[in-house]
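Protein chains in written order, with our numbering: chain A, 1 to 136; chain B, 1 to 412.
Note that the Cβ used here is the ideal one computed from N, Cα and C, for glycine as well.
Quantities reported herein were computed from a predicted structural model and do not represent experimental measurements.
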């Protein structure tokens, strides 16, 4: 239909590569976005050096939120936890390769918010985690 | 009198459609009631009109183009306002109806959860009713103790008494940054620091200060700041509660309903994140967008320039009124004062003064200006109040003084 639904987004939504849960895991977090009713949980395993060895997401929601979660998981595998904590809104937009307005941006950023909240060990996910204009 | 006006006053005046109006028989309008509500520039009217004509849609929930545009404009306004007051993030900017609602929000959420029987709240004698009644209501409900910083004869807060009150371990100090009657600009930064040192939080009523002075919440270290759009060239029906993020996060929600939730079941709900947690239901969208345009307008002029211009005006007005015998201005000297001139005339009642000035095209206000205890303090039933803003001129001060002299002659 248009750029927002690039092939990769539809494809990852229909057939995600990293859907599932990991038990046990080193990090886990879950949050939701009231707009589309998106819900995402992410489980992460890391080795002693802090390198992410396995990760998976579960939940449901719109194509933007689920595809972004799938692409995000793919991109963090093999990365150091500390580097992932530094990921930004722009990183997600680069992964998706689309422009988003303020409403749908929340869908796209839910997975990054969840991953970062989990890695930081937070009780609640703050929007500051995915706002590039702020220091967290 | 030729003064150094820090901007092109005629151009500013031409931005405001109402200021082009004539009253009665071709008398030009002299609008001296901006403390009650300010006039609106064309850019604010256009921003709201554009929303209704082009992008009218509900915000946050829609994914269609109009909803995206409306959300972007509304949230853009929030960003602009956050930057205007120096907030750390736009999440600290909660849209409410006005200053009154902002203060009630704090009383009903923070106050109800944090204040217990016997707890002390410090207010001042110069408060607008909006920063008195919510605390009186909560005091009646919770058995709180309210104490008041007195006002001196020359219209300043008695800070020695404030220091004594602080020793009694207050939980909150809530005070106006600038009096809507006396024009007194209170030393907010020092008062907040003293409150913090005593272990209290500080709420600042910024209804008059934010429109007229540069106000930076981080510099002040205010815990809460309340202000209204309509007094700062924006529309009615929208205002802001600024709060420090950690405080807002710890507070329970205010009203329940749509947009303030993250998740709802038949018996439970989880509150949404900031700022939406405090914004139940469809908000005043056009007004929020208009508020953003108002702040953008003031940013362009520059708040430092607005303050300077108003200082020039009030200095001149005080000099001019000192020459009129039988007329008494209440409030402090110009260096402690914003551009508010409340006065009494020996011969005539304030309502008559206001009525007769209107015949000259001069709009002023008469009454107690929602500060009955302050008028009680000065043993005055009412005052006539002229208040000035960025669009007022020295010539208008002359016209006011001439008008007052004319009224005086009529009643002599």
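Item	Value
If we call anything under 8 Å between Cβ atoms a contact, is residue 225 of chain B one with residue 237 of chain B?	no
Answer with yes or no whether the minimum CB distance from residue 272 of chain B to chain A is below 8 Å.	yes
Just to confirm the assignment: which complete beta strand (DSSP E) runs, minimum length 3, are found wholly within the segment 196-237 of chain B?	201-205 and 224-228
Verify whether the separation of the beta carbon atoms of residue 233 of chain B and residue 6 of chain B is less than 8 Å.	no
Tell whether a beta-carbon distance below 8 Å holds between residue 120 of chain B and residue 164 of chain B.	no
Assuming residue 58 of chain A is part of the beta strand (DSSP E), what are its boundary residues?	52-60
Considering only DSSP beta bridges, list what residue 388 of chain B is partnered with.	In the DSSP output, where bridge partners are listed per residue, residue 388 of chain B has none listed.
Excluding the 5 residues flanking residue 162 of chain B on each side, which residues of the same chain have their C-beta closer than 6 Å to its C-beta?	149
What are the residues in the segment 97-115 of chain A lying within 8 Å of chain B by C-beta distance?	101, 102, 103 and 104
When the Cα atoms are used, what is the spatial distance from residue 326 of chain B to residue 59 of chain B?	56 Å
Can you name, in chain order, every residue of its own chain whose Cβ lies under 6 Å from the Cβ of residue 179 of chain B, other than the five neighbours on each side?	126
Between residue 208 of chain B and the rest of its own chain, which residues show a CB-CB distance below 6 Å, the 5 nearest in sequence each way excluded?	178 and 180
According to DSSP, residue 413 of chain B sits in a beta bridge with which residue or residues?	The requested residue 413 of chain B is not part of the displayed model; chain B covers only 1 to 412.
Just to make sure I have the definition right: I need the residues of chain A whose C-beta is within less than 7 Å of the C-beta of residue 61 of chain B. Which are they?	35
Which residues does DSSP pair with residue 434 of chain B in a beta bridge?	The structure shown does not extend to residue 434 of chain B, since chain B spans only 1 to 412, so no value can be given for it.
For residue 139 of chain B, tell me which candidate among B/283, B/227, B/108 and B/218 has the shortest Cα-Cα distance.	B/108
Specify the secondary structure class of residue 415 of chain B as computed by DSSP and reduced to three states.	In the structure as shown, chain B begins at 1 and stops at 412. Residue 415 of chain B is therefore absent and cannot be evaluated.
To the nearest angstrom, report how far apart residue 146 of chain B and residue 110 of chain B are at their CA atoms.	16 Å
DSSP three-state call for residue 14 of chain A: helix, strand or coil?	helix
Mind checking which residues open and close the beta strand (DSSP E) that includes residue 33 of chain A?	27-33
Our contact map puts residue 17 of chain A next to residue 54 of chain A with C-beta atoms below 8 Å; I'd like the distance itself, whole angstroms only.	Contact doesn't hold; Cβ gap of about 13 Å is too wide.
Can you list the alpha helix (DSSP H) stretches of 4 or more residues lying completely in the segment 112-162 of chain B, in chain order?	133-142
Taking 8 Å as the CB-CB limit, is residue 30 of chain A close to chain B?	no
Which of helix, strand or coil does DSSP assign to residue 1 of chain B?	With a pLDDT of 41 at residue 1 of chain B, under the threshold of 50, the predicted position of this residue should be treated as unreliable, though the coordinate-derived value follows. Coil.
For residue 214 of chain B, which residues in the same chain have their Cβ closer than 7 Å to its Cβ, ignoring the five residues on either side in sequence?	303, 304 and 307
So, under 8 Å CB-CB, residue 356 of chain B and residue 407 of chain B are touching, yes? Tell me the CB distance rounded to an integer number of Å.	5 Å
Comparing alpha-carbon positions, which option in B/369, B/392 and B/394 lies nearest residue 384 of chain B?	B/369
Can residue 191 of chain B and residue 217 of chain B be called in contact, C-beta distance under 8 Å?	no
Residues of chain B with CB under 7 Å from residue 128 of chain A, in chain order?	89
Can you name the residues that DSSP bridges to residue 42 of chain A?	A/29 and A/57
Could you tell me whether the Cβ of residue 75 of chain B comes closer than 8 Å to any Cβ of chain A?	yes
Let me confirm a value: residue 409 of chain B is counted as buried when at least 16 other C-beta atoms fall within 10 Å, else exposed. Which label applies?	exposed
Could you tell me whether any Cβ in chain A is nearer than 8 Å to the Cβ of residue 286 of chain B?	no
Around the C-beta of residue 274 of chain B, are 16 or more other C-beta atoms found within 10 angstroms, so that it is buried, or is it exposed?	buried
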